[in-house]
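Chains as they are written, first to last, in this note's numbering: chain A, 72 to 671; chain B, 366 to 656.
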């Protein structure tokens with residue numbers, strides 16, 4: 072193993088944003104502690120601060136990770152009841168009750184998420200609604216423990232913060248800390264993983280992200296913040312009852328998050344503040360039961376249709392337009408692809424691999440081996456089982472039978488992200504990028520591949536690695552642009568760069584030439600040769616026989632799910648069975664070599 | 366033994382209602398790939414319309430039913446135009462949130478208009494029912510079961526043996542291809558929403574005399590119907606029916622032998638058991654996304 076070459080350190084940016092934030096937060100806490108407030112105003116601010124913490128929880132679950140949670144009020148209630156029952160009935164310190172409530176909420180959130188998050192989003196919506204209803208039932212009916220509908224009065228605040236003003240300052244300080252953490256979160260490894268999962272689960276999986284665990288983590292974290300907000304709420308109002316934590320309140324939390332914008336904690340605070348103040352101004356709405364919730368329901372639909380990014384999302388776009396461009400980063404170094412010394416053993420061994428869909432044998436006892444270094448092509452007419460084979464190799468399908476070994480290790484039953492960790496990288500026929508991110512961020516996720524020993528885990532090293540990979544495919548100059556602004560062909564190159572940044576042992580390319588024009592195909596041919604020249608092992612599927620015969624040194628041919636030929640390129644293309652599979656009859660040898668025989 | 370038979374009858378009766386609402390879920394899910402969280406509110410709105418027409422205004426029952434179902438058809442059409450159509454090209458999450466918003470809007474608008482008092486709707490038949498051996502067959506439950514069976518038969522005939530039914534199937538299986546073949550996809554989806562709203566409405570009319578007519582009934586029924594679709598296998602018509610009946614029976618026995626206040630919790634418990642042990646349900650849904 073050689074150590075990665077030393078790189079010029081990227082200039083550290085002055086943390087202006089963080090300093091401004093700290094100053095503003097300190098100011099807000101001081102203001103809360105010193106400005107004389109009457110009881111009414113104090114209550115409103117207390118409610119706004121504690122609700123905001125819970126709504127920021129939704130920023131994490133819904134905004135960052137794209138998972139719905141309609142039980143935020145239930146988790147809020149768990150935190151509140153932990154503090155309420157703990158301080159009143161058990162006489163335990165507030166400082167102990169608060170974290171217990173948070174852990175309880177996070178734990179139940181994790182269990183709920185773990186049982187549901189493997190499935191589609193609609194399951195999660197319904198399960199969280201159910202959980203919300205059950206908790207309300209329990210809080211109302213389990214009278215010996217929860218006091219039932221009468222609620223819990225006389226909740227004690229911690230000694231230092233016994234008076235309302237200082238307690239409000241405490242709540243604002245906690246809100247500031249939580250807001251800061253979630254504001255920085257998208258740039259952390261976990262935050263990036265959540266965004267990747269939200270944008271494209273399949274691509275996140277093959278890039279090495281444990282999709283399921285990321286979702287459960289987001290869900291538990293969201294519940295944890297709700298528990299924190301609820302605990303503070305209980306101390307703030309010193310009285311709690313089940314109706315404060317009903318499904319209606321979950322809807323209110325959701326509306327707050329959507330109105331302000333789920334993309335940022337700032338949006339959460341804006342949405343919460345507005346939806347606490349507006350009903351106070353429009354008190355008459357509350358006189359008719361149902362009216363204000365009906366308006367909330369309507370607001371949810373209107374926001375989703377007309378302002379999907381919320382108020383802050385809308386404002387944020389305008390701010391971003393005004394912002395100066397960042398200084399250019401140092402020029403990227405040459406991309407290093409480090410391969411284990413050639414032992415002669417094949418990188419990938421596929422033995423008797425089968426994948427059946429009901430009665431259809433899409434892949435039927437196929438065996439082949441991919442030697443280290445060079446380009447191995449898997450070809451065959453439409454419906455011959457190529458893409459199915461690739462999906463089994465990258466773990467998206469579980470095989471019906473057979474074995475897959477990577478560098479001698481059996482990976483047959485590993486999940487997509489575990490295979491990525493073992494060293495398999497891949498691209499998709501229909502491009503799967505993380506649409507909300509820049510090209511650079513997409514490739515950083517590739518560089519973060521677990522067990523990628525080549526790259527240090529700090530941000531500078533990951534970004535430098537990502538720039539190298541983008542430079543390798545010729546897109547370094549546009550690294551900071553959002554992926555949506557790239558042409559189809561360039562998006563394909565970004566996908567290849569994402570896989571290369573992870574320094575894969577084996578790169579699977581799923582029809583990389585599909586949809587490319589002839590000059591782009593020529594560029595791709597050159598790129599494939601440059602990758603092979605770096606010693607990378609590539610398994611490629613493509614219909615373009617010109618491309619395949621130009622770059623591949625070994626070909627395996629499938630037809631109707633079975634292997635019909637395997638060997639060195641020139642030999643395989645002369646085999647009568649192969650020509651017959653492609654042309655329907657055996658014509659003269661080698662005629663197919665220089666033409667595109669891809670069936671439409 | 367007598368009690369068991371009695372509970373079984375009641376369970377199948379209430380389960381039929383869940384099955385009808387679940388059917389509405391499944392039809393919209395298949396046609397538009399949308400999980401409609403306001404499906405239960407269709408039943409609630411229909412029950413309140415019945416109270417308005419048949420009780421408050423004192424109009425004949427049959428006329429009230431016709432007017433209510435007409436109102437439900439209109440509601441289904443408006444729902445499609447206002448809640449689904451503007452979001453049809455977005456991902457599932459905004460659509461889910463939008464239908465949840467609609468559910469809250471419908472429930473609370475009804476609350477604002479009608480107040481929180483639960484209402485009573487008299488049953489269709491005057492007679493209470495009759496005894497068959499030891500089991501008392503309540504006339505309303507018999508009606509629920511009969512109407513559900515008739516609707517299921519009608520739906521089978523409609524989808525399998527009419528041209529419109531075939532077009533609806535084509536739309537649910539591949540919208541692009543259906544459009545290329547000249548099938549008016551938007552119209553087919555509109556039809557699905559209208560039909561599902563009417564289906565939910567029928568369930569509401571049938572169940573109203575058994576339960577109190579309340580604002581909460583929509584959410585309760587939707588939760589049960591959703592659990593029923595998961596038990597049966599999401600997106601599967603037969604699964605929705607079997608799941609609905611099974612849930613009705615489980616719940617009735619749970620209430621009789623375990624606990625009444627937590628009756629509504631049994632659906633949730635069964636739901637979680639299925640999610641953990643057999644998420645594809647009894648009849649199975651293809652969960653995998655194609656790479």
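Note that beta-carbon positions come from the ideal geometry of N, C-alpha and C, so glycine has one too.
For residue i, tell me which candidate among the options has the shortest Cα-Cα distance.
i                      : options                       : result
residue 146 of chain A : A:632, A:304 and A:285        : A:304
residue 571 of chain B : B:451, B:635, B:430 and B:540 : B:430
residue 471 of chain B : A:629, A:370 and A:604        : A:370
residue 438 of chain A : A:175, A:577 and A:637        : A:637
residue 456 of chain A : A:106, A:436 and A:440        : A:436
residue 330 of chain A : A:284, A:381, A:361 and A:280 : A:381
residue 406 of chain B : B:383, B:424 and B:542        : B:383
residue 486 of chain B : B:593, B:606, B:416 and B:388 : B:416
residue 264 of chain A : A:316, A:131, A:184 and A:313 : A:131
residue 115 of chain A : A:567, A:462, A:346 and A:417 : A:346
residue 454 of chain B : B:484, B:397, B:496 and B:630 : B:397
What does the Cβ neighbour count give for residue i, buried or exposed, with the cut at 16 atoms within 10 Å?
i                      : result
residue 545 of chain B : exposed
residue 352 of chain A : exposed
residue 112 of chain A : exposed
residue 366 of chain B : exposed
residue 581 of chain A : buried
residue 258 of chain A : exposed
residue 658 of chain A : Note that residue 658 of chain A has pLDDT 46, beneath the 50 cutoff, so the model's placement of it is unreliable and no number is given.
residue 300 of chain A : buried
residue 499 of chain A : buried
residue 547 of chain B : exposed
residue 540 of chain B : buried
residue 385 of chain A : exposed
residue 375 of chain B : buried
residue 22 of chain A  : Given that chain A is displayed from residue 72 to residue 671, the structure contains no residue 22 of chain A and the question cannot be resolved.
residue 624 of chain B : exposed
residue 527 of chain B : exposed
In terms of residues, what are the limits of the alpha helix (DSSP H) holding residue i?
i                      : result
residue 525 of chain B : 504-526
residue 600 of chain A : 589-604
residue 311 of chain A : No alpha helix (DSSP H) holds residue 311 of chain A; DSSP gives it neither H nor E.
residue 484 of chain A : Neither: residue 484 of chain A is in no alpha helix (DSSP H) and is coded neither H nor E.
residue 115 of chain A : 110-129
residue 14 of chain A  : In this structure chain A extends from 72 to 671, so residue 14 of chain A is not present and cannot be described.
residue 495 of chain B : First-last for residue 495 of chain B: 494-497, but that is the beta strand (DSSP E), not the alpha helix (DSSP H).
Quick one: give me the first and last residue of the beta strand (DSSP E) that residue i is part of.
i                      : result
residue 630 of chain A : 625-630
residue 639 of chain B : Here residue 639 of chain B belongs to no beta strand (DSSP E); instead the alpha helix (DSSP H) covers 630-642.
residue 338 of chain A : Counting along the chain, residue 338 of chain A falls outside any beta strand (DSSP E), though it belongs to the alpha helix (DSSP H) covering 336-352.
residue 427 of chain A : 419-428
residue 636 of chain A : 633-639
When the Cα atoms are used, what is the spatial distance from residue i to residue j?
i                      : j                      : result
residue 272 of chain A : residue 512 of chain A : 16 Å
residue 620 of chain A : residue 530 of chain A : 40 Å
residue 121 of chain A : residue 294 of chain A : 14 Å
residue 602 of chain B : residue 537 of chain B : 13 Å
residue 247 of chain A : residue 96 of chain A  : 6 Å
residue 339 of chain A : residue 598 of chain B : 37 Å
residue 318 of chain A : residue 487 of chain A : 37 Å
residue 648 of chain B : residue 604 of chain B : 6 Å
residue 106 of chain A : residue 557 of chain A : 52 Å
residue 441 of chain B : residue 561 of chain B : 7 Å
residue 91 of chain A  : residue 505 of chain A : 30 Å
residue 427 of chain B : residue 374 of chain A : 40 Å
residue 336 of chain A : residue 450 of chain B : 30 Å
residue 589 of chain A : residue 596 of chain A : 10 Å
residue 609 of chain B : residue 502 of chain A : 41 Å
residue 508 of chain B : residue 189 of chain A : 40 Å
### Query
Where are the alpha helix (DSSP H) runs, 4 residues long or more, that stay fully inside the stretch 141-188 of chain A, in chain order?
For the stretch 141-188 of chain A, the continuous alpha helix (DSSP H) assignments of 4+ residues that do not extend past its boundaries occur at 143-159 and 165-187, in sequence order.
### Query
Can you give, in chain order, each stretch of the beta strand (DSSP E) that sits fully within the stretch 436-471 of chain A and has at least 3 residues?
Qualifying beta strand (DSSP E) stretches, in chain order: 445-450.
#### Entry: Those runs of the alpha helix (DSSP H) which lie wholly inside the stretch 392-470 of chain B and span at least 4 residues
For the stretch 392-470 of chain B, whole alpha helix (DSSP H) runs of length 4 or above, ordered along the chain, are 404-415 and 426-444.
### Message
Threshold first: 4 residues or longer. Then list the alpha helix (DSSP H) segments lying entirely within the stretch 520-589 of chain A, N to C.
### Response
530-543 and 559-572, all fully within the stretch 520-589 of chain A.
### Query
Where are the alpha helix (DSSP H) runs, 4 residues long or more, that stay fully inside the stretch 246-288 of chain A, in chain order?
With a minimum length of 4 residues, the unbroken runs of alpha helix (DSSP H) contained wholly in the stretch 246-288 of chain A fall at 260-270 and 272-277.
### Query
Quick one: complete alpha helix (DSSP H) runs, 4+ long, within the stretch 203-254 of chain A?
Listed in chain order, they are 214-217.
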